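Trainee: Line by line, the protein sequences are chains A and B. Counting from 1, one number per residue, gives the positions in the first sequence under this note's numbering. Counting from 112, one number per residue, gives the positions in the second sequence under this note's numbering.
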Amino acid sequence: GENVEQHPSTLSVQEGDSAVIKCTYSDSASNYFPWYKQELGKGPQLIIDIRSNVGEKKDQRIAVTLNKTAKHFSLHITETQPEDSAVYFCAASVTGNQFYFGTGTSLTVIP
Amino acid sequence: EAGVVQSPRYKIIEKKQPVAFWCNPISGHNTLYWYRQNLGQGPELLIRYENEEAVDDSQLPKDRFSAERLKGVDSTLKIQPAELGDSAVYLCASSLLTGSGNTIYFGEGSWLTVV
Numbered sequence: 001g002e003n004v005e006q007h008p009s010t011l012s013v014q015e016g017d018s019a020v021i022k023c024t025y026s027d028s029a030s031n032y033f034p035w036y037k038q039e040l041g042k043g044p045q046l047i048i049d050i051r052s053n054v055g056e057k058k059d060q061r062i063a064v065t066l067n068k069t070a071k072h073f074s075l076h077i078t079e080t081q082p083e084d085s086a087v088y089f090c091a092a093s094v095t096g097n098q099f100y101f102g103t104g105t106s107l108t109v110i111p
Numbered sequence: 112e113a114g115v116v117q118s119p120r121y122k123i124i125e126k127k128q129p130v131a132f133w134c135n136p137i138s139g140h141n142t143l144y145w146y147r148q149n150l151g152q153g154p155e156l157l158i159r160y161e162n163e164e165a166v167d168d169s170q171l172p173k174d175r176f177s178a179e180r181l182k183g184v185d186s187t188l189k190i191q192p193a194e195l196g197d198s199a200v201y202l203c204a205s206s207l208l209t210g211s212g213n214t215i216y217f218g219e220g221s222w223l224t225v226v
């Protein structure tokens with residue numbers, strides 16, 4: 001089956017700086033890559049996603065890039081704010097029904 | 112529009128006791144998932160339903176876990192008897208599978224502590 005690796009496991013940045021989280025996947029057939037943000041005590045919330053027919057997608061301060069050849073994708077958060085502090089999960093999907101999640105990145109934005 | 116609703120949010124039980132979790136998916140979503148999330152880990156699939164049919168339950172520990180989705184809407188996940196290692200967050204998610212893909216939405220989770 002698919003194997004998704006995510007790093008770093010923890011990340012601390014100063015407010016206003018950028019944060020980058022990287023994931024790799026093993027199954028070249030994977031074609032959908034969502035990112036989730038999970039705040040303490042809450043369920044994961046979809047923040048951005050990308051499909052294999054595009055290389056980059058941006059939504060305000062959040063962007064995701066995909067390199068299908070290298071089988072990796074990354075989440076970029078610019079101008080970080082304290083409210084960006086949370087655990088972020090990447091995921092990969094082959095069929096659109098089966099999702100494989102990374103182990104999460106705990107992001108702390110220091111005011 | 113209401114999101115995925117789960118209950119109870121928190122449950123503490125003694126080992127060997129039964130426990131049940133309930134999930135109401137987003138209206139119109141035909142696919143429902145139950146995931147388990149251990150502390151510091153990502154969600155892991157337990158079972159996936161398409162309408163009323165369980166199409167992927169390969170990771171469900173069937174000796175003690177059971178699930179049902181009557182009428183293809185609400186779902187319950189049961190553990191009997193619970194073990195200490197079952198302490199985790201149980202996440203329900205739903206999606207509407209279309210020809211162009213699938214986006215899943217999670218509920219807030221049911222936090223289980225087995226003592």
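The C-beta atom is built at its ideal place from N, Cα and C for all residues, glycine as well. This one's a predicted model, so the numbers in the text were calculated from it and none came from an experiment.
1) What does DSSP give as the partner residues of A/Ser12 in its beta bridges?
2) Verify the CB distance criterion: does B/Gly139 have a CB-CB separation below 8 Å to chain A?
3) Let me know if A/Glu56 comes out buried or exposed under the rule of 16 or more other beta-carbons within 10 Å of its beta-carbon.
4) If I'm right that B/Glu163 touches B/Arg180 with Cβ under 8 Å, what's the distance once you round it to whole angstroms?
5) Any residues in the stretch 20-37 of chain A with a beta carbon nearer than 9 Å to a beta carbon of chain B? Which ones, in chain order?
6) How far does the beta strand (DSSP E) with A/Asn67 in it extend, from its first residue to its last?
7) Touch check for the stretch 79-87 of chain A and the stretch 193-212 of chain B: three-plus C-beta pairs under 8 Å?
8) Please list, in chain order, the residues of the stretch 201-220 of chain B that have any C-beta partner in chain A closer than 7 Å.
9) If we call anything under 8 Å between Cβ atoms a contact, is B/Gly218 one with B/Cys134?
10) Taking a contact to mean a Cβ-Cβ separation below 8 Å, would you say A/Asp49 touches A/Tyr32 in this structure?
Mentor: Result, derived from the coordinates:
1) A/Thr108
2) no
3) exposed
4) 6 Å
5) Asn31, Tyr32, Pro34 and Tyr36
6) Ile62 to Asn67
7) no
8) Leu202, Leu208, Gly212, Asn213, Thr214, Ile215, Tyr216, Phe217, Gly218, Glu219 and Gly220
9) yes
10) yes
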